[in-house]
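Residues -20 to -1, 1 to 641 (mature numbering (1 follows the signal peptide of the UniProt record, and there is no 0)) are what the sequence shown spells out, left to right. Cβ atoms here follow ideal geometry from the backbone N, Cα and C, with glycine treated the same way. This report concerns only the one structure given below.
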Amino acid sequence: MIGLISLGVLRALGMCRVNATGTAPALLLQLQPSSPDDAISGAAERSLAWPPSPADEGYSIHLNTLHTVISSRSPQGVLYGAFELLRRLRREDPGALAGGGEVVRSAPSAPLRHWDLWDNLDGSVERGYAGPWQHRFDVAAARSSVVYPLGQQRDEQRAHDLARLLASVGINGIGWSNVNACDHGNQHLLSSRNIASMRALVALFYSYGIHSFLTPCFDSPQIVGGLFTSNPQVPEVKAWWAKKIEEVAGAFGDAFRGLVFKGNTEGQPGPGSHGMSQLQGANFFAELLEEVGAICIWRAFSHPEGGVDQALYQFQRFENWDGEARWNVALKIKNGPYDFQVREPVHSLFGHLSNTSLILEFQAAQEYFGHAKHLVALPSQWSSYLGFDLSSRFPPYNVQTLAQVASGGIGRMPFSGIAAVSNIGTSRNWTGHVFSAVNTYGFGRLAWTPTTPAADIMREWVEVTFPRSSSYAVSVLTRMLQRSWEVYENYTSSLGWGFACAANHYDLDDMDRRRHTDHRASATHIGYPRNAGGGYASTYNAKVAARFQSIEQCPEELLLSFHQVPYTHRLRTKNNSTVLEWIYRSHMSGVNAAEGFVTDWLAIEGHVDLGSYPGDAFVDITTRLEIGASDAAAFAKSIREYFETLTGCGLRDGRLQCHAQ
């Protein structure tokens, strides 16, 4: 791995510093020996060696005039330090350019920092929006997979660049395929042919410190192995999985670190298909994976049937895992209990489970955020979750925030971490919308240091991405990014009412169809009553539950996630507007802001450095911003008309006026 880091890397990117004599200063790479306390031995060696501790992956950079020293206990740490130096040089950081003896030290917070591809083996990407540009694509960008180009030879340079891209922001694990693992060719993932074909790719990513995880179909024993059943309770099935796991571990070596499963939801088979619980399914695989030093990651996302509240259903399905899940099981939980919506409450399982490794899952792909056409910078949203006070009911561990939980704080769980669903595709700029790359970058930076202010991350991304832009352009772009999440929220789903998107997860849904499952709107009231009795609000720890259950204390951005209120209810943090007034005004504000993004962008033409992008990048960005503004106007119009029809009240000249129904 050290061979990948050299002065040649800096020179290739045009960032090599030259000292006063006109010669290149030395770049020294140093591996530090571990202290005696870090020594491991015997049976504990496998479990303690991975995942690496923050001390192992951390680095220090000594910036001097004649030489720069990057040191770490591990090759991965040296690699991360090299990328930090590149960031500083790219931003023309005075300390990096002039030396002067500054010492930079950094170490990651989360043990696992995962990037999850939803690529399919047929070459498509589920929820992929970074394929060939189309003005309007309702079907996820077909044939946009970097790693599975159907009918074509994989672009090895592109794959190499992807590994470097992910390592540059501290990613140390990758899931290679879609969690919907039993269609689009994914059901054959574990064939010996596919395993052999992935060896070089897995080795390449491992050379950048990125471990590999596979997402197999639960029915693989039947589909790949030809068995008569996939029931884990049948000895032949267990033997098949044990042999297949040994085959994968033998092919991938130390790069292989586990399997990821999504069971019995959205049409996927799972342990429930054979009378087993989700916990029993996870423990079945964890037992087999322990033999090769790997883990089982189990996704908590699941849909109920029969009109049951999805949020409450997920909590009840997994609330009893503590003390029952094997040591090498990690439960992957979405940031909220719905499905990557514009705003959700933090998932209550994070404050409930103390003896289970938990992985927080975000989504960089803009599935519910205008795909890759709307401007939505998600670090602001993610920071709001990471900083959420869970008021843990486990005081011995002194854990309060979601960031601390994802870093393994509760019970010091070894396989905790943060993951993101990928927004990467075959687009020349990787993410479709140039500005969507801030979500890739921002995720990595937050996974490394969850307390980093989102505003700092976004400004840093602007400076790294457009390095020779004027200070005016940098300020304008940073401000656009900072505002974009709230702007999108304003013109789509206000006050936490939930789903607003149609089946394609882009266009506005039929609001009336959603009234029975999400926003619960009537002629007089709106909101999902989760505050009473055994409702979802009660699943939080006492302090948080009391806040959500109280209409006076509930954050008004989430009001309609927990309370059903009359439209006349006044909002204490929204200039005393009524709920209905705010719905109308916030949507108008969102449209104005989206149109303002176009104006702001056009105003900095000639001031922003797009030199590293294709020649039509300015036009491409302009087109996408214009689409976002046009869609915002259409969304706001539809929502206004819906509520005017439903309530008989509309906004006229800034005032709410109602007519008799």
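Leaving aside the five residues before and after residue i along the sequence, list all residues of the same chain whose C-beta is less than 7 Å from its C-beta, in chain order.
{"i": "V467", "result": "G570, A573, A574"}
{"i": "R408", "result": "P594"}
{"i": "V228", "result": "I175, L194, F236"}
{"i": "R425", "result": "V149, T432, I437"}
{"i": "R306", "result": "N263, A266, E267"}
{"i": "Y60", "result": "E37, Y39, G150"}
{"i": "S15", "result": "Per-residue confidence for S15 stands at a pLDDT of 45, beneath the threshold of 50, marking its modelled position as unreliable; the derived number appears in the next sentence. Nothing listed; no residue qualifies."}
{"i": "S416", "result": "Q346, A352, N403"}
{"i": "S171", "result": "V204"}
{"i": "G155", "result": "H94, D96, L97, F193, T195, V240"}
{"i": "A139", "result": "V126, V127, L181, L184"}
{"i": "K554", "result": "E536, W562"}
Thinking just about the alpha-carbon of each residue, which of the options is nearest to the one in residue i?
{"i": "residue 651", "options": "K617, W465, D492", "result": "Residue numbering for the chain in the displayed model covers -20 to 641; residue 651 lies beyond these limits and cannot be assessed."}
{"i": "N152", "options": "W410, F395, L539", "result": "F395"}
{"i": "T431", "options": "V214, A161, Q384", "result": "Q384"}
{"i": "F320", "options": "A427, H351, F208", "result": "H351"}
{"i": "S454", "options": "Q462, G388, T625, V588", "result": "Correcting the residue identity first, residue 454 is Val in this sequence and not Ser. With distances taken between Cα atoms, V454 lies closest to V588."}
{"i": "A427", "options": "G367, S371, Y547", "result": "G367"}
{"i": "G478", "options": "E532, L269, P129, L540", "result": "L540"}
{"i": "N419", "options": "W95, G586, R297", "result": "W95"}
{"i": "G252", "options": "V288, Q213, D489", "result": "Q213"}
{"i": "residue 686", "options": "I41, F528, S54", "result": "Any answer about residue 686 is impossible in this case: the structure gives the chain only from -20 up to 641."}
{"i": "A525", "options": "G586, E537, N511", "result": "N511"}
{"i": "Y486", "options": "G630, Y452, P249, A612", "result": "A612"}
{"i": "E536", "options": "T548, R552, Q544, Y547", "result": "R552"}
{"i": "I225", "options": "G238, L146, P215", "result": "G238"}
{"i": "T304", "options": "G287, S257, T381", "result": "Note that residue 304 is Glu in the sequence shown, not Thr. Of the listed residues, the one whose Cα sits closest to E304 is S257."}
{"i": "G507", "options": "H327, A482, Y421, V545", "result": "V545"}
{"i": "H549", "options": "Q462, L475, V322, T429", "result": "L475"}
Along the chain, where does the beta strand (DSSP E) that runs through residue i open and close?
{"i": "D96", "result": "92 to 96"}
{"i": "W278", "result": "275 to 279"}
{"i": "L239", "result": "236 to 241"}
{"i": "F193", "result": "191 to 194"}
{"i": "G570", "result": "Where G570 is concerned, there is no enclosing beta strand (DSSP E), although the alpha helix (DSSP H) it sits in stretches over 559 to 583."}
{"i": "A310", "result": "309 to 314"}
{"i": "I151", "result": "Segment: none, I151 is in no beta strand (DSSP E) and carries neither H nor E."}
{"i": "Q637", "result": "635 to 638"}
{"i": "R85", "result": "82 to 86"}
{"i": "V49", "result": "47 to 52"}
Considering just the uninterrupted stretch of the alpha helix (DSSP H) at residue i, what are its terminal residues?
{"i": "H140", "result": "136 to 148"}
{"i": "S328", "result": "Careful: S328 lies outside any alpha helix (DSSP H) and carries neither H nor E."}
{"i": "T445", "result": "434 to 445"}
{"i": "F63", "result": "55 to 70"}
{"i": "K523", "result": "522 to 529"}
{"i": "G261", "result": "258 to 270"}
{"i": "G591", "result": "Unbroken run through G591: none, as it is neither H nor E."}
{"i": "G230", "result": "215 to 232"}
{"i": "T627", "result": "597 to 627"}
{"i": "Y486", "result": "That residue, Y486, is in no alpha helix (DSSP H); it is neither H nor E in DSSP."}
{"i": "Y39", "result": "Looking at the DSSP string, Y39 is not in any alpha helix (DSSP H); the run it does join, the beta strand (DSSP E), is 39 to 43."}
{"i": "S104", "result": "Counting along the chain, S104 falls outside any alpha helix (DSSP H), and DSSP gives it neither H nor E."}
{"i": "S124", "result": "Where S124 is concerned, there is no enclosing alpha helix (DSSP H), given that its DSSP letter is neither H nor E."}
{"i": "Q167", "result": "Counting along the chain, Q167 falls outside any alpha helix (DSSP H), and DSSP gives it neither H nor E."}
Please go through the same chain and pick out, in chain order, the residues whose beta-carbon is closer than 8 Å to the beta-carbon of residue i, but skip the five residues on each side of it.
{"i": "Q10", "result": "V49, I50, S51, S52, V58"}
{"i": "L333", "result": "F298, E299, W301, D302, L311, I390"}
{"i": "P91", "result": "P31, P32, S33, P34, S387, G388, P394, F395, S396, G397"}
{"i": "F577", "result": "L355, M460, S464, V467, L605, G608, A609"}
{"i": "E624", "result": "G630"}
{"i": "R494", "result": "G478, F479, A480"}
{"i": "A614", "result": "L488"}
Apart from the five residues just before and just after residue i, which ones in its own chain have a Cβ nearer than 6 Å to its Cβ?
{"i": "S337", "result": "A310, M393, F395, S396"}
{"i": "N308", "result": "A266, E270, I275"}
{"i": "S371", "result": "N521, K523, V524"}
{"i": "residue 666", "result": "In this structure the chain extends from -20 to 641, so residue 666 is not present and cannot be described."}
{"i": "I618", "result": "According to the sequence shown, residue 618 is Ser rather than Ile. These residues qualify, in order along the chain: L488."}
At a cut-off of 7 Å, would you count residue i as near the ligand NAD, judging by its Cβ distance to the nearest heavy atom?
{"i": "G230", "result": "The model on display carries no ligand, and the ligand NAD is accordingly not part of it."}
* **Contiguous alpha helix (DSSP H) assignments of at least 4 residues, all confined to the region 371 to 425** => 382 to 386
* Please confirm if the region 273 to 292 is in contact with the region 238 to 253, defined as three or more CB-CB distances below 8 Å between the two stretches. => yes
* Would the region 195 to 203 and the region 134 to 146 be scored as touching if the rule is three or more Cβ pairs under 8 Å? -> no
* Do the region 39 to 47 and the region 95 to 104 make contact, defined as three or more Cβ pairs closer than 8 Å? -> no
* Is there contact between the region 602 to 618 and the region 353 to 361, where contact requires at least three CB pairs shorter than 8 Å? -> yes
* Can you check the region 332 to 377 for any alpha helix (DSSP H) of at least 4 residues that lies completely inside it and give the ranges in chain order? => 359 to 366
* Does the count of Cβ pairs from the region 101 to 111 and the region 339 to 347 closer than 8 Å reach three? -> Yes: at least three Cβ pairs fall under 8 Å.
* Touch test, the region 630 to 640 against the region 556 to 569, Cβ-Cβ under 8 Å, three pairs minimum -> yes
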